[in-house]
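Inspection log for the structure reproduced underneath, given as structure tokens.
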């Protein structure tokens, strides 16, 4: 099994360390937080404060390097990767893929980079919140762009499957557009709703029930985490915000003119049903020939169709894809 | 204990019948659904399909009449109240108060009307979803406008307390402005978010996690219920929508120009914290003298401050009010 070097030991990086160790990988890591290093060592993990040392070891061991720091810190880590492990297989867990890919290309183009994004989380953060089962059954995006190195992709994909996640292959551009809609836009709308609600004063807060609590839950996330995520995905988030502004403006216009919200409410209801449908739809099993010249395109198509990869051999990826209703 | 006549046997009306019976009230009701009458009778409840019969009995027994039908059906029920129980103590459970109050004034001004709104619910609807404990610990708004009949208010308030709820006294106008922000706006935003997410196609749905699920949950509500609620509160919801549009437009502008969402995200985070703070703040106990000439104003002030009434005697209301931080 491949060795794994994790830079960053927050919720995702820490859970990755724990899950990789549980799966039998040799695994070590680095974080600049001396407190988290002390905690992790007490828990039996091989952590150091020197990113340089962890990366040098990775270069020697042929380890997969995983960048698990927030987006604003990626640039500095990549400069160190370029210096100490320029030929490594490199992946990350940052919630935007295009901007990370551009930084990799700028700083360390000789690494064999595969963008990654596990769709897992919880409200608590830091090493103390990390658990080895965080990724069980979770979708984990791995980018399959045309310049992706397929053997490196296979190596990272094997790691991801060993952690209990399933792989959603897609391009960086498609990923960023999708998460703008289903992750970053929800954070902005939750912030807007929370502020509009609190402006109603103590009476409004006293009357707030499930619809307000649910709609504002992610506004409880630490602002620096939300900002790092949303601001890094600026172009795709702008498009999603324009879509939401258009829809909200149309709702406002309809309510003001005819008093009717039927179009808004029924469209939203159907859309929510399509989410439930996606989750319960019958699945077709699909095989992708990894030796075919268009293997990367075939993999990306699985993601576009809402499918995911559940198993890999040397020559074949097995995927399930929801059947259209 | 006062007798209770409930018109409408959906989730709220049905739960009210069950809770009132459990509390020892003589209780009966009417619904136009023959199926629900059959079901309710099987469960041992005194239900009829004739609203006229139920109201005539209420007039004879001096019962409190509770209108528990959706807003679009209130007009027709009020015409029957005017004919068969024009002197009764009347309340309702509709989620807007100003528009119901106007209809009461138009159709049956001789009733002693107290607007009501229990802040309780769940996703299932209908008699089969009704439970006697739905109102335990829930806020239940009772309007205290200047023309409110205080003895009638007391009668309805005693009923509400006997069901396990606590009373939030407020004016119809303040209520409608508050629920537009913390109930109706969340429904519109959930619909907008669901539609914007589903437009991202199967990939977006496959990657959707907690933030999208939570933010769209209420879009699963039956559209006719959401529409009845939101459209009835048109002026207050328009103001809330304009507030949300302004905030969302400001977020869009800031992201496009400087790339920064800090103001939006930190304001939203503080607002969400104020909700948690409201729920855990230390409470002061306050007494309102119900024999004082300004008793209705004093009661409404409790609601404005985010407080609620927990007990009543013939002359005094005992309330708790959150202390400001």
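Protein chains in written order, with the working numbering: chain D, 1271 to 1595; chain C, 1271 to 1595. We treat Cβ as the ideally placed atom computed from N, Cα and C, and that holds for glycine. Model, not experiment: these values are computed from the prediction.
List the residues of chain D whose Cβ lies closer than 9 Å to the Cβ of residue i, in chain order.
i	result
residue 1592(C)	1472, 1475, 1476
Determine the chain D residues that contact residue i at a beta-carbon separation under 7 Å, and present them in chain order.
i	result
residue 1544(C)	1468, 1475
residue 1429(C)	What residue 1429(C) touches in chain D: nothing, since even the nearest Cβ is about 20 Å away.
residue 1452(C)	1467, 1470, 1474, 1477, 1478, 1482
residue 1456(C)	1463, 1481, 1482, 1485
residue 1576(C)	1472, 1473, 1475, 1476
Apart from the five residues just before and just after residue i, which ones in its own chain have a Cβ nearer than 7 Å to its Cβ?
i	result
residue 1349(C)	1377
residue 1618(C)	The structure shown does not extend to residue 1618(C), since chain C is modelled only from 1271 to 1595, so the question has no answer here.
residue 1485(C)	1460, 1463
residue 1490(D)	1393
residue 1521(D)	1531, 1534
residue 1566(D)	1414, 1416, 1418, 1420
residue 1310(C)	1279, 1317, 1397
residue 1342(C)	1498
residue 1331(D)	1273
Closest by CA to residue i, which one among the options?
i	options	result
residue 1477(C)	1453(D), 1514(D), 1459(D)	1453(D)
residue 1487(C)	1334(D), 1529(D), 1520(D), 1535(D)	1535(D)
residue 1471(C)	1355(D), 1573(D), 1277(D)	1573(D)
residue 1456(C)	1583(C), 1316(C), 1510(C)	1510(C)
residue 1314(D)	1320(D), 1338(D), 1287(D), 1329(D)	1287(D)
residue 1340(C)	1588(C), 1519(C), 1365(C)	1365(C)
residue 1439(D)	1459(D), 1448(D), 1426(D), 1413(D)	1413(D)
residue 1305(D)	1294(D), 1576(D), 1590(D), 1317(D)	1317(D)
residue 1425(C)	1458(C), 1464(C), 1358(C)	1358(C)
residue 1303(D)	1461(D), 1527(D), 1429(D), 1320(D)	1320(D)
residue 1334(C)	1427(C), 1520(C), 1528(C), 1531(C)	1427(C)
residue 1328(C)	1309(C), 1308(C), 1356(C)	1356(C)
residue 1419(D)	1495(D), 1469(D), 1361(D)	1361(D)
residue 1465(D)	1389(C), 1575(C), 1545(C)	1545(C)
residue 1550(C)	1564(D), 1516(D), 1475(D)	1475(D)
residue 1483(C)	1387(D), 1548(D), 1444(D)	1548(D)
residue 1322(C)	1437(C), 1346(C), 1570(C), 1479(C)	1346(C)
residue 1409(D)	1480(C), 1274(C), 1525(C)	1480(C)
residue 1293(D)	1380(D), 1429(D), 1576(D), 1469(D)	1429(D)
residue 1541(D)	1295(C), 1391(C), 1437(C), 1468(C)	1468(C)
residue 1300(D)	1568(D), 1374(D), 1276(D), 1529(D)	1276(D)
residue 1383(C)	1417(C), 1389(C), 1411(C), 1401(C)	1417(C)
residue 1353(C)	1374(C), 1363(C), 1583(C), 1342(C)	1374(C)
residue 1501(D)	1324(C), 1526(C), 1516(C)	1526(C)
residue 1578(C)	1298(C), 1330(C), 1437(C), 1336(C)	1437(C)
residue 1446(D)	1495(D), 1499(D), 1552(D), 1274(D)	1499(D)
residue 1291(C)	1308(C), 1272(C), 1307(C)	1272(C)
residue 1423(C)	1381(C), 1391(C), 1591(C)	1381(C)
List, in order along the chain, the chain C residues whose C-beta lies closer than 7 Å to that of residue i?
i	result
residue 1440(D)	1473
residue 1573(D)	1473
residue 1580(D)	Simply none; closest approach about 13 Å.
residue 1526(D)	1508
residue 1496(D)	1535
Leaving out five residues on either side along the sequence, give the residues of the same chain with a beta carbon under 8 Å from the beta carbon of residue i.
i	result
residue 1492(D)	1395
residue 1581(D)	1431, 1587, 1588
residue 1450(D)	1503, 1506, 1507, 1509, 1510
Using a cut-off of 8 Å between C-beta atoms, extract the partners of residue i located in chain C.
i	result
residue 1401(D)	Correct list: empty, because the minimum Cβ distance to chain C is about 16 Å.
residue 1411(D)	1477
residue 1529(D)	1501, 1504
At 8 Å on the CB atoms, spell out the chain D contacts of residue i, in chain order.
i	result
residue 1493(C)	1532, 1535, 1536, 1539
residue 1522(C)	1508, 1511, 1512, 1515
residue 1459(C)	1459, 1462, 1463, 1485, 1518
residue 1271(C)	Simply none; closest approach about 27 Å.
Let me check one thing: in DSSP terms, what residues is residue i bridge-paired to?
i	result
residue 1283(C)	Per DSSP, none; premise fails for residue 1283(C).
residue 1413(D)	1440(D)
residue 1517(D)	Looking at the DSSP assignment, residue 1517(D) forms no beta bridge with any residue, so it has no partner.
residue 1586(D)	1559(D)
residue 1578(D)	1590(D)
residue 1553(D)	1592(D)
residue 1317(D)	1299(D)
residue 1388(D)	1410(D)
residue 1277(D)	1300(D), 1337(D)
residue 1362(D)	1337(D)
residue 1382(C)	1359(C)
Spatial neighbours of residue i within its chain, please: C-beta separation below 6 Å, excluding the five flanking residues on both sides.
i	result
residue 1389(D)	1408, 1409
Run down chain C in chain order and give the residues with a C-beta less than 9 Å from the C-beta of residue i.
i	result
residue 1338(D)	Under the 9 Å cutoff, chain C gives no residues; its nearest Cβ is about 18 Å from residue 1338(D).
> Can you find at least 3 beta carbon pairs, one from the stretch 1395 to 1405 of chain C and one from the stretch 1431 to 1445 of chain C, that sit closer than 8 Å?
Replying inline: Judged by Cβ distances under 8 Å, the stretch 1395 to 1405 of chain C makes contact with the stretch 1431 to 1445 of chain C, as three or more pairs qualify.
> Is it true that the stretch 1278 to 1288 of chain C meets the stretch 1388 to 1397 of chain C, where meeting means three or more beta-carbon pairs spaced less than 8 Å apart?
Replying inline: Yes: at least three Cβ pairs fall under 8 Å.
> Does the count of Cβ pairs from the stretch 1547 to 1560 of chain D and the stretch 1535 to 1555 of chain C closer than 8 Å reach three?
Replying inline: Look at the beta carbons and you see the stretch 1547 to 1560 of chain D not touching the stretch 1535 to 1555 of chain C: under three pairs across the two are nearer than 8 Å.
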